[in-house]
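In this note's numbering, the protein residues as written are -2 to 323. Notes follow the structure.
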């Protein structure tokens, strides 16, 4: 027996080392900061829980924090990626920050203009109050650009009130404001309480949403890790688009939605998810243009200075060629 035991132990060790998705080496940690637990971000916990990150040798750590704080952490090298890609574009445009947007989850802006029951059209909001995330927020500027189409001068006819998440819906319900630019989750809650939807920003403008950014140093120093990270996220993205039940379960767990709201959110938004984590150059340019308007910057920012979708494109091509399916 004494001769057999060492042999058995050696065999077991080899078997463990050769298990699929495992590595004899320590996993590389990647830290991601997300501004919220919204539907578009469930690809991150899914990529971790389904083992996609581990297959690429990655130990994914997800932290939810405010956009500004998260972006500062990425710039300082304390975090590796941020789900606040629009904030990264602001930093690039305003101060030439060393950042790149590398993934786009949605090709439509997920914001809805909801109004109190007595209103039916955007034009009726003349001289009324609208709750928004911020006076200088990108979505607010998008709404201002749309206003003339409906016979309104946003700077003269509309009053914008900046309120944090959670308070916009409450202000709308109580009548403090007449309308609110709300997220998908807030939208359904508003509808259930008798509010009306009069405009979906995603159909009015051609811009991206749910974008992910990192610092230039990470891309330069860790291209292999960057590639594996993209592969794992794109696997999760394909899973979300193809498996409603799995996506709903993930929303219930990560976004803390009940089953009915998870189903409504999925059915209402899944059509906005990109197929490969990439948006076209027109959308990229539009994103940069709206940021320049917000900042009142006249000089154009080259697309390649703010975006790098090469890793997403390569990962998508590899998965397609390999016939990978969730």
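All C-beta atoms in this analysis are idealised placements derived from N, C-alpha and C, irrespective of residue type, glycine included.
Short of 7 Å in beta carbon distance, which residues of its chain neighbour residue i, apart from the five on each side in sequence? Order them along the chain.
i	result
residue 265	181
residue 243	236
residue 184	109, 111 and 194
residue 174	126, 127, 128, 158 and 168
In its own chain, which residues sit with a C-beta less than 8 Å from the C-beta of residue i, not counting the 5 before and 5 after it?
i	result
residue 190	170
residue 145	151
residue 42	59, 247, 250 and 251
For the candidate residues the options, whose alpha-carbon lies nearest to that of residue i?
i	options	result
residue 129	154, 148 and 178	178
residue 61	192, 51 and 38	38
residue 86	75, 45 and 101	101
residue 224	309, 96 and 29	309
residue 192	250, 125, 109 and 263	109
residue 299	282, 263 and 46	282
residue 229	55, 68 and 164	55
Just checking my contact of residue i with residue j at CB under 8 Å: how many whole Å lie between their CB atoms?
i	j	result
residue 195	residue 118	6 Å
residue 252	residue 84	With a Cβ gap of about 21 Å, residue 252 and residue 84 do not count as contacting.
residue 231	residue 316	6 Å
residue 135	residue 288	7 Å
Should residue i be labelled buried (16 or more other beta-carbon atoms within 10 Å of its own) or exposed?
i	result
residue 65	exposed
residue 51	buried
residue 103	buried
residue 132	exposed
residue 321	exposed
residue 21	Low confidence applies here, because residue 21 scores a pLDDT of 44, under 50, leaving its location unreliable; read the following figure in that light. Under this definition residue 21 is an exposed residue.
residue 80	buried
residue 304	buried
residue 75	exposed
residue 113	buried
Who does residue i pair with in a DSSP beta bridge?
i	result
residue 193	112
residue 208	101
residue 157	127
residue 326	The structure shown does not extend to residue 326, since the chain is modelled only from -2 to 323, so the question has no answer here.
residue 285	DSSP output for residue 285 lists no bridge partner at all.
residue 294	Beta-bridge pairing links residue 294 to no other residue.
residue 177	111 and 128
Once the 5 residues before and after residue i are set aside, which same chain residues still bring their CB inside 6 Å of it?
i	result
residue 276	101, 104 and 205
residue 290	138
residue 259	245, 248 and 249
residue 31	38, 61 and 80
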